[in-house]
């Protein structure tokens, strides 16, 4: 173990020039976030709003879990609904078939899905990006197909009723409140995991993979093992998110569980909020989740929400691939520091080089 | 590290792309503890050779040995761990990581717990700062790598390679695209590091640098070595003149 | 399985495989030239099918005639898509970002189809819709034959374009070594645009063929993109002959499995093949060095 008081030891570097002020602001922001989450159920005017709160938190769990692989490695999974859907079904089937306690079933479901993610990762992560995306979409399509047809086991396209973990004496608003807090706890765990990985050597290796996989390998990063670790961790949390949602919602339909659209929401939320930051996906989930719920209640289930989602995703990809919030902050920063224009843009150079090498 | 062991050596190494033989049965042995140079006209297979040795590309045939161990076909991170560090032609850094983070990437020990340990621990950060100071860019540690100049990126890449504490360092055109002052600085660093016992294998087009710096020169043409020896010997070799000047 | 049933399934498999081959050729073409996984390929396929259906509904003419409009239209749209959208993406993250972009386009097309023509299932009714011919005990629907012929002719044309014309040479050069292609004076950007247009034109033809024989609805494209992506991975990303061979083999396999397993489970053969390929030979079975990197 290295000696923390060695002469070269220095405080952990922070990006800001004034670490104390930044740290105070960060802690204040975190406390405010916790306070908002804790108080929300008592502030919500009616059970409907509270249930919207549960949905948004669920989206936040899924997006944050997605970001464990998407944000760290840059490998975009469009079929993460496969893991949330499997988590829901695993939880429900374990309760129904084995009579397991619902909460144990939830955790066991998460572990099972994490195991399933291993062969998926082995197949899709040995080569670069394209195969991973293709497998992610294929996975969700094949699961939708099989869960619709496999009547004996999954209830087929008729759906599956999930037993409620709380007795009938617990009324609807109370149910919503409990699940709101449960989702908040899960979200906190997912955020904590992201934070811990981000600061670790594993995280340093993962971020290096995102930036330049060949280079990372040449520096000794075991890229395949790291990518697999990220995927399995992500699948585990995504499955817990799906399972918890299933316990709350009480019903599973393969069309919605294994929906391409749900996977798209996870990507859109993370991209919108910024994949490189801890709270980016959460922020994206609040914005997109709220918009989706409002859109649904205003216009019903029309095809327009597909168009809106598609157009929004396209615009983000084309104009703000780093996320809307990061783009806005860097825009503000750049205006503030307009004087310090660098003479050579190294990124432009890198892009040109990349282009030349293609 | 004793000098009795062999450094990087290849036996009948072959790699084709489509119908083109980029490396054509190359058997080369680099000298342990020395500054080796690998030169040759454009397209003679030097970078492909580097990529085969460091595991970025799998050779079609032949073997690569390092310190008398067969490392053919090992994945790049295993080769890096066995003690070979490398830089890339045109210099590659992680553009959106800070200068300090760039260097810290190279600390990837065995064992899950070791890997889950904070990457910004005092020991690692201290060593990274030492290396940044050594190459002379420690004042930039908080800048993102994409925001520093090309020459600084080259130095950063070298610091990152050194963080892995490699015994053998393979540099692909270290002087390419940088100003003469920086070339001098890089050359000095190479000499210093070599004096500490590190072996170098350098691909370089700057002949003045190659001849001034290296102890042993291998000349490639059309995917195989055509001459080797001290700079003075190689310079007078008629085959080398022919390959370079087409006479 | 009886011999007659086997022969019937085999023929149907080959006919379906032909259509898959054409569509997969387009999909792998984009990847070869631009490293783009074009998720919207099958959405354009369904769009073309809708246009053929709508053309037939409003004009009463044979939907095949809609090709005169849709093929040039799609070619231009494809060219524009590459030049004005895909080329805007940063080269460094092109593969992943292009997936997201084309995915967004697919969602938009699906939504617009549902918005304009509702989610109702549509089908073209033609005088020859129900007719079939019988050869050696095997009965083949005429529409399937037409669809196959269309696919075979287009695939042949694509082959001739790529092998025999100077544009084809430029395109292949761009695929294999873009930098070298630029050095010998090929305008690779323009070639990439034209390649994209060519790929999308195959979707127009495939869509029209599809409209003859299938009931169509907006979300149908998901049922196509899965198998098509599996085909191009099995064939080796970027390899057109690989895509064609994999398409025929998997089409026949799916068709044969349909008898004992039913339609849904037979579909899984594509995904199984995808999974097995990535496990044992990630670069695909017919792909070159290109596929190894992706």
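Residue numbers (the working numbering), protein chains in the order written: chain H, 1 to 358; chain V, 1 to 247; chain E, 1 to 294.
The beta carbon of each residue, even a glycine, is placed where N, CA and C say it ideally should be.
- In terms of beta-carbon proximity, residue 76 of chain V lines the interface with chain H, with at least one pair separated by less than 7 Å.
- With distances taken between CA atoms, residue 56 of chain V lies nearest to V:75 out of V:68, V:38, V:75 and V:64.
- When only Cα atoms are considered, residue 155 of chain E and residue 182 of chain E end up about 28 Å apart.
- When 7 Å is used as the limit between beta carbons, residue 221 of chain H is near these residues of chain V: 77, 105 and 108, in chain order.
- In terms of beta-carbon proximity, residue 116 of chain V lines the interface with chain H, with at least one pair separated by less than 7 Å.
- Here residue 134 of chain E carries a strand assignment [DSSP, helix/strand/coil].
- Between residue 105 of chain V and residue 201 of chain H, the alpha-carbon positions lie close to 7 Å from each other.
- Going by DSSP, residue 108 of chain V is part of no alpha helix (DSSP H) at all; its letter is neither H nor E.
- Residue 195 of chain H counts as exposed, since fewer than 16 other beta carbons sit within 10 angstroms of its beta carbon.
- Interface with chain H (7 Å Cβ-Cβ cutoff): residue 80 of chain V is included.
- For residue 255 of chain E, the number of other beta carbons within 10 angstroms of its own is at least 16, and it is reported as buried.
- With its beta carbon at least 7 Å from every one in chain H, residue 198 of chain V lies outside the interface.
- Sequence-distant partners of residue 47 of chain V (beyond 5 residues in either direction) whose C-beta falls short of 8 Å from its own C-beta, in its chain, are 89, 172 and 203.
- Look at the beta carbons and you see the region 287-306 of chain H not touching the region 104-115 of chain H: under three pairs across the two are nearer than 8 Å.
- One alpha carbon belongs to residue 208 of chain E, the other to residue 121 of chain E, and they sit about 16 Å apart.
- Proximity of chain E to residue 311 of chain H at the Cβ level (cut-off 8 Å) is accounted for by 104 and 108, in chain order.
- Distance from the Cα of residue 21 of chain E is smallest, within the candidate group E:260, E:52 and E:227, for E:227.
- Between residue 36 of chain E and residue 86 of chain E, the gap from beta carbon to beta carbon is short of 7 Å.
- Taking a beta-carbon distance threshold of 7 Å, residue 218 of chain H counts as an interface residue toward chain V.
- DSSP, reduced to helix, strand and coil, places residue 70 of chain V within a strand of the structure shown.
- Under the 10 Å beta carbon count, residue 144 of chain E is surrounded by 16 or more other beta carbons and is classified as buried.
- In the displayed model, residue 250 of chain H falls within coil according to three-state DSSP, outside both helix and strand.
- For residue 273 of chain H, no Cβ of chain V is located within less than 7 Å of the residue's own Cβ.
- When Cβ-Cβ separations below 7 Å define contact, residue 86 of chain V makes contact with chain H.
- Residue 81 of chain E is outside the set of residues whose beta carbon lies under 7 Å from a beta carbon in chain H.
- At a cut-off of 7 Å between C-beta atoms, residue 176 of chain E does not count as an interface residue with respect to chain H.
- With a minimum length of 4 residues, the unbroken runs of alpha helix (DSSP H) contained wholly in the region 132-159 of chain H fall at 151-154.
- Bounds of the alpha helix (DSSP H) holding residue 185 of chain V are 180-195.
- Shortest Cα-Cα distance from residue 100 of chain E to any of H:270, H:92, H:36 and H:167 involves H:270.
- Listed along chain H are 317 and 321, each with a C-beta nearer than 7 Å to that of residue 97 of chain E.
- When DSSP states are grouped into helix, strand and coil, residue 82 of chain E belongs to the helix group.
- Neighbours of residue 56 of chain H across chain E, judged by C-beta separation under 8 Å, do not exist; the nearest C-beta is about 21 Å away.
- Of the residues assessed, residue 281 of chain E falls on the exposed side of the cut-off, its CB having fewer than 16 other CB atoms within 10 angstroms.
- By the Cβ criterion, the region 102-115 of chain E is in contact with the region 40-47 of chain E, since at least three pairs of Cβ atoms, one from each stretch, lie closer than 8 Å.
- Nearest Cα to residue 297 of chain H within the set H:72, H:48, H:35 and H:233: H:48.
- Between residue 239 of chain E and residue 270 of chain E, the C-beta gap is not smaller than 7 Å, which leaves the two residues out of contact.
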